[in-house]
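A short worksheet on the structure shown next.
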Amino acid sequence: MTASPTHRAIDAVWRIESARLIAGLTRLVRNVSVAEDMAQDALVAALEQWPQDGIPDNPGAWLMTTAKRRGIDALRRRVALERKQELIGHELQILGELEQPDLAAEVDDVQDDVLRLIFMTCHPVLSRDARVALTLRLLGGLSTTEIARAFLVSGSTVTQRIVRAKRTLGEARVPFEVPGRDELGDRVSAVLEVIYLVFNEGYAATGGEQWTRPVLCQDALRLGRILAGLMPREPEVHGLLSLMELQASRLRARVGPDGEPVRLADQDRARWDHLLVQRGLTGLQRAEELSGALGPYTLQAAIAACHARARSVEQTDWVRIVALYDGLAALTGSPVVELNRAVAVTMAFGPEAGLELIDSLAGDPALRDYHLLPSVRGDILERLGRLTEAHDEFVRAADLCANVSERGLLLSRALACNP
Amino acid sequence: MRFMVLVPGSPEFESGELPSKGDLEAMGKFNEELVKAGVMLAADGLHPSSKAARVRFDGRERTVIDGPFTEAKELVAGYWIWECASQEEAIEWLKRAPLFDGGMEIELRQIMDPEELEGQLK
C-alpha cells in the first residue's frame, strides 16, 4: 500500500477489522472464499473513497455494509448471466441470506464468528502449511507478500496454498462452527499447533540468515491473545500464551550485537522484557487454576517460568525442571522432549547422568538429522573435559544446522574446544 | 510496537470521586474489546494526587513534597499499554475509546525499544 497518511490509516483499520469482517461475511455466505473476495472488494472501495471523504466514524460497519452491497450487486449480475444455464440455486441462496437484515450480528456476539473462523482456518482437513498461511492471511490480516517473506517462500507459492486451502474447505464442506464438546479438545490442539508453529518460526528461524524474526513472534502472540480472549476457560490456550510470552521475554537478550545467538546461560537477564515475564507468569497461574492435569503447553510454560524466575543459571530450580520434563515426556513421548530433559538432568545431577540419557537417544530415527542432538552431546562432553569429542560433535551439529547464525555459534563452540 | 496511552485526571478524579457504574461498564467493554483484539498488554488506574509524593532534586539535596498537586489536567490518572503493528493502529484504537469528551486530549506515546538506546552504550 502507498504511504500517504490516509492509506496508512486504512491499513490500520484493515488490521483491526478484517478478521471480524471476513468472519461475519463467512457466516452469511457460508463460503470463506466468497467472503474474503467480498471483504477485499470493500477494502478496494475504502481505498477509493476514504482519501476523499475521510475515514467514516464507524469504519467496521462501513466495510461490512459496503461488502454486502457490492456482494449483492455482483451476485445479481451472475444470477442474471447464469439464469439461462440454470445454475442459480446456490447463488440465489446466498443472495437471499445477504438481502435479509443480519439479525444474527445483533443477537450473536460478532466475536463468536472470529472464533468459528479460527477453527475453520486451522481445520485438520488442511495441510500444516495451508493452515498457517490461511490463518495468518484471514485472522492475522497479513498480505500474501508478508507471509511469503516470513516463511522464505515465493509469493505465488503462498497464493496457491491459500487458493487451494479455500477450495479444500469448500469441497470438504467444513462447517462454520465451534466444534462440539466431543472433538473440542483435539480441535483446540490443532489451533494451538498453528499458532506455535508461527511463533517458533519467529523465535528460532529454521532457515535463512537471521536467528530470530520478532515480527512473526508478534503475530503469533497477537493470535494467542485473541484466542485467550475468546476462550477464557481453556487452560491450554492460556498455557500456550504464557509459554510464548515467557519465551518472547527473552527475544532481545538472545541476539548479540552482531545478530549472533546468545545462549540462555550467557544472556543478560536485565535485558529480558519484564512486562512479558509478568504476563507470562500470570497466564501460567491462570492455566494451572483451570487445569486438571497440566497439558503439554502449560507444562512447557511452567518450565519457561522456572527460567524466568531465576536470577541466574546457577540459581535455576533444575530439579523442578527435570520433574516437569518427566511429565512432558510421559505426555508426549517426544524424543525432542527427552533431549531437553537430558539438558536439565545435566544441570541438576551432573554431566555423567546427562550423557547416559543422550546416548540412549542416539539411535532414535526422529533425531537422526536434528542438529541439537550433537549440539547437546557436545556441550555435555565439554563439561566432562572430553574436548576432542566435543569439538567433533559441534562440527557435526553445524553441518546439520540450516540457520546461518546458529551454525556460526556452533562452529565457534567447536573452535573453542580445540586443544 | 508498544504504546502507552496516558489518561489525564480531572477535578472530579482529583477529589477522589469514583467513576459511575455506567462509565465503568463502558470502559470495561472497551477494555474487553482491546483484550479480544490481542492489543492490550496492561492497564491501570492511579490514585489521585492527594496520595502522591514528589521528590525534588537539587545538587545533593532531596526534598519530598507531598500531594495533592494542582493542575488536575496535567496529572496522570491512568494508563494503557498496547501492542500494535503501527502508530496508526494505536490511533485507530484510541479514537474508539469511550467517555472522553469536552475537548479532552489523550496522549499516545510510543514506548522506546531498549535497543534504540543500546547504540549509546557502545
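Top to bottom, those sequences are chains W and L.
The numbering of the first sequence is numbering that gives the first Met the number 0, which starts it at 0 and goes up by one.
The numbering of the second sequence is numbering that gives the first Met the number 0, which starts it at 0 and goes up by one.
Even glycine gets a Cβ: it sits at the ideal position worked out from N, Cα and C.
Practice item. Determine whether the Cβ of D265(W) lies closer than 8 Å to any Cβ atom of chain L. Key: no
Check your understanding: What is the rounded straight-line gap between the Cα of I105(L) and the Cα of I15(W)?
Key -> 20 Å
Review point. First and last residue of the alpha helix (DSSP H) that includes D40(W)?
Key: 31-52
Practice item. List the residues of chain L that Q110(W) touches, going by C-beta distances under 7 Å, in chain order. Key: K35
Review point. Can you list, in chain order, the residues of the segment 63-92 of chain L whose Cβ is nearer than 9 Å to any Cβ on chain W?
Key: I80, E82, C83, A84, S85, Q86, E87, E88, A89, I90, E91, W92
Review point. When DSSP labels each residue in this structure, what does I93(W) get in the three-state scheme?
Key: helix
Exercise for review: Work out the CA separation of V342(W) and T144(W) for me, nearest whole Å.
Suggested key: 39 Å
Exercise for review: Run the CB neighbour count on K35(L), radius 10 Å, all protein chains shown included, and call it buried at 16 or more, exposed below.
Suggested key: buried
**Study point:** Buried or exposed (CB count within 10 angstroms, at least 16 for buried), Q92(W)
**Key:** exposed
Review point. Any idea if P350(W) is buried or exposed, counting beta-carbon neighbours within 10 angstroms, 16 or more meaning buried?
Key: buried
Practice item. Determine the DSSP secondary structure at R285(W), reduced to helix, strand or coil. Key: helix
Review point. From L330(W) to I90(L), what distance separates their C-alpha atoms?
Key: 45 Å
Practice item. Kindly indicate if chain L contains any beta-carbon less than 8 Å away from that of L274(W). Key: yes
Point to revise | Unbroken alpha helix (DSSP H) run spanning G353(W), endpoints | key: 350-360
Check your understanding: How should Q284(W) be labelled, buried or exposed, when 16 other C-beta atoms within 10 angstroms of its C-beta is the threshold for buried?
Key -> exposed
Check your understanding: Are the C-beta of I15(W) and some C-beta of chain B separated by less than 8 Å?
Key -> Among the protein chains in the structure shown, which are W and L, there is no chain B.
Check your understanding: Taking only beta-carbon atoms, is S3(W) less than 8 Å away from chain L?
Key -> no
Review point. Exposed or buried, which one is A149(W) when buried takes at least 16 other CB atoms within 10 Å?
Key: buried
Check your understanding: If you compare alpha carbons, which of H237(W), L275(W), L94(W), D267(W) is closest to R75(W)?
Key -> L94(W)
Check your understanding: What do you reckon, are the CB atoms on G8(L) and L74(L) nearer than 8 Å?
Key -> yes
Practice item. Can you say whether Q51(W) is buried or exposed, counting buried as having 16 or more other CB atoms within 10 angstroms of its CB? Key: exposed
Point to revise | Per-residue DSSP class, three states only, for P373(W) | key: helix
Exercise for review: Quick one: measure Cβ to Cβ for L62(W) and A41(W), integer angstroms, because I've assumed they're closer than 8 Å.
Suggested key: 5 Å
Check your understanding: Cβ of T5(W) versus every heavy atom of the ligand ADP: is any distance shorter than 7 Å?
Key -> Absent from the structure shown: the ligand ADP. Ligands present: none.
Check your understanding: With burial defined as no fewer than 16 other Cβ atoms inside 10 Å of the residue's Cβ, what is the status of V43(W): buried or exposed?
Key -> exposed
Review point. Any C-beta of chain W sitting closer than 8 Å to the C-beta of L40(L)?
Key: yes
Exercise for review: List the residues of chain L that I225(W) touches, going by C-beta distances under 7 Å, in chain order.
Suggested key: K35, A36, G37
Practice item. Measuring only between beta-carbons, confirm whether P18(L) sits less than 8 Å from chain W. Key: no
Exercise for review: Look at the alpha carbon of V33(W) and the alpha carbon of A11(W), and state the distance between them as a whole number of angstroms.
Suggested key: 23 Å
Exercise for review: Find the nearest neighbour of R1(L) within the set L116(L), H46(L), R108(L), E114(L), judged by alpha-carbon distance.
Suggested key: R108(L)
**Study point:** Neighbourhood of I302(W) by C-beta, 6 Å cutoff - its chain only, sequence neighbours within 5 removed
**Key:** I320, L323
Exercise for review: Count the other C-beta atoms from every protein chain shown that fall within 10 angstroms of the C-beta of Q217(W), then say buried if there are 16 or more, exposed otherwise.
Suggested key: buried
Practice item. Look up V124(W) in the DSSP assignment and say whether it is helix, strand or coil. Key: coil
Practice item. Please decide whether E114(L) counts as near chain W, where near means a Cβ-Cβ distance under 8 Å. Key: yes
Check your understanding: How should T281(W) be labelled, buried or exposed, when 16 other C-beta atoms within 10 angstroms of its C-beta is the threshold for buried?
Key -> exposed
Practice item. For F173(W), collect the residues of the same chain with a Cβ closer than 7 Å to its Cβ; drop the 5 residues on either side in sequence, then sort them by chain order. Key: Reading the sequence as shown, one finds Val at residue 173(W) and not Phe. M119, H122, V124, listed in sequence order.
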